[in-house]
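Heads up: the sequence shown begins at 1221 in this note's numbering, then just goes up one per residue.
The structure under discussion appears below in the form of structure tokens.
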Amino acid sequence: MPLTRSRSAQTRSAQTSCHPGQKRRRILALGSGTLASALVSPFAALAQQPKKIWRIGFLAIGARPASIEAHALGGFARGMRELGYLEGRDFLIEWRFTEGKQEAFTSGAVELVQLKVDFIIAATGTGIDAARKATSTIPIIMVNVADPVGAGLVKSLNRPGGNITGMSNQTGETISKHPELLRIAIPSLTGIAVLHNNPTAVSAPIFLKRIQESAATLGLKVRLLEARTVADLDGVFDALKKERATALIVTPDPMFSAHSRRIADFARDHRIATM
């Protein structure tokens, strides 16, 4: 029975008997193929991996609007679309609305961290502070925060440090102008009422201090009125009516923003100049 050589033996025999030039070309071809395979394989593997969908946590003040797209908050998704990123395809948003409650910032931030979002967006100093206390690793983007340096949220505007970045407004600076503008509107003004939520809140001390300093230079008395819950607003309104207040400054606060129409209607009905 004739013996049959294996395929590997046949290949070795062929390589041994071929011309040196042919052998060199075969080695180069084999090497080139191996190199190409080594270069292409990682990219092929990456192409086969599912595309990452970014999960964004959003701490928003007030109640959830009937249509986020039609609300000012819809501007975020519209801006992303202009950059070529589509919600549902490239990113998802986990919304947490505070309904005007300060404590909702804390619970909302904790929930977003538990969901392992890629980053958190929050407006107001209270929201940023809640997110900062909930995580030291997930990036936090602040929106419209007054004096984040003075509030102790970041080290400086150009080098915030930690896991917080974003934008700051000038509310802390401009609110000191409110008493002056009210005096211009009412030359006979002798005092102003100031509505605030919690004097120990992140930005509240800054607002109250600057209002009081400005009022003092104008010789105006300041009457502080505190409302920590929606129910407290009734007591504030009663006090304003009883004292026949003529001017009111409403400090920036999520609850006041959520009930701004009610506050404005009361001030209009009782002819109270309001900022």
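Cβ atoms here follow ideal geometry from the backbone N, Cα and C, with glycine treated the same way.
Asked                                                                                                                                                           : Found
Opposite Glu1307 in the DSSP bridges: which residues?                                                                                                           : Phe1311
How should Ile1281 be labelled, buried or exposed, when 16 other C-beta atoms within 10 angstroms of its C-beta is the threshold for buried?                    : buried
According to the Cβ coordinates, are Ile1431 and Val1414 closer than 7 angstroms?                                                                               : yes
Can at least three beta-carbon pairs, one atom from the segment 1323 to 1334 and one from the segment 1370 to 1381, be found at a separation below 8 angstroms? : no
So which of Thr1471, Lys1462 and Phe1457 has the shortest CA-CA distance to Asp1485?                                                                            : Phe1457
Once you ignore the five residues that flank Val1284 on each side, which residues in its own chain have a CB closer than 6 angstroms to its CB?                 : Note on identity: in this sequence residue 1284 is Arg, with Val being the wrong assignment. Same-chain partners within the cutoff: Phe1317.
Are the segment 1402 to 1421 and the segment 1381 to 1390 in contact at 8 angstroms, needing three or more beta carbon pairs?                                   : no
By Cβ distance below 7 angstroms, which residues in the same chain neighbour Gly1347 in space, the five residues on each side in sequence not counted?          : Leu1279 and Phe1325
Is DSSP giving Arg1443 helix, strand or coil here?                                                                                                              : strand
Which residue spans inside the segment 1324 to 1375 form an unbroken alpha helix (DSSP H) run of at least 4?                                                    : 1345 to 1354
In or out: Leu1293 buried (at least 16 other Cβ within 10 Å) or exposed?                                                                                        : buried
Under DSSP, the beta strand (DSSP E) around Met1387 begins and ends at which residues?                                                                          : Ile1384 to Asn1389
So what's Ala1424 in DSSP terms, helix, strand or just coil?                                                                                                    : helix
Taking the straight line between their C-alpha atoms, what separation do you get for Asp1338 and Ser1327?                                                       : 18 angstroms
Check the DSSP bridge columns for His1416 and list the partner residues they point to.                                                                          : Glu1446
When DSSP labels each residue in this structure, what does Thr1394 get in the three-state scheme?                                                               : helix
Determine, using beta carbons only, whether Ala1493 and Ala1459 come nearer to each other than 7 angstroms.                                                     : no
Which residue from Asp1454, Ser1434, Val1450 and Asp1452 puts its Cα closest to that of Ile1469?                                                                : Ser1434
Taking the beta strand (DSSP E) that Gly1277 belongs to, which residues open and close that run?                                                                : Trp1274 to Ala1280
Cα separation between Pro1399 and Ala1436?                                                                                                                      : 9 angstroms
With DSSP collapsed to three states, give me the class of Thr1466.                                                                                              : coil
For Gly1345, count neighbouring Cβ atoms within 10 angstroms of its own Cβ and tell me buried if that reaches 16, exposed if not.                               : buried
When DSSP labels each residue in this structure, what does Thr1437 get in the three-state scheme?                                                               : helix
Have a look at the DSSP bridge pairing and note the partners of Thr1494.                                                                                        : Leu1468
Am I right that Leu1401 and Met1495 are in contact with their C-beta atoms under 8 angstroms? What's the rounded C-beta distance?                               : 7 angstroms
So, helix, strand or coil for Arg1488, using DSSP?                                                                                                              : helix
If you compare alpha carbons, which of Ile1341, Gly1372 and Val1369 is closest to Val1363?                                                                      : Ile1341
Quick one: is Arg1403 buried, meaning 16 or more other Cβ sit within 10 Å of its Cβ, or exposed?                                                                : buried
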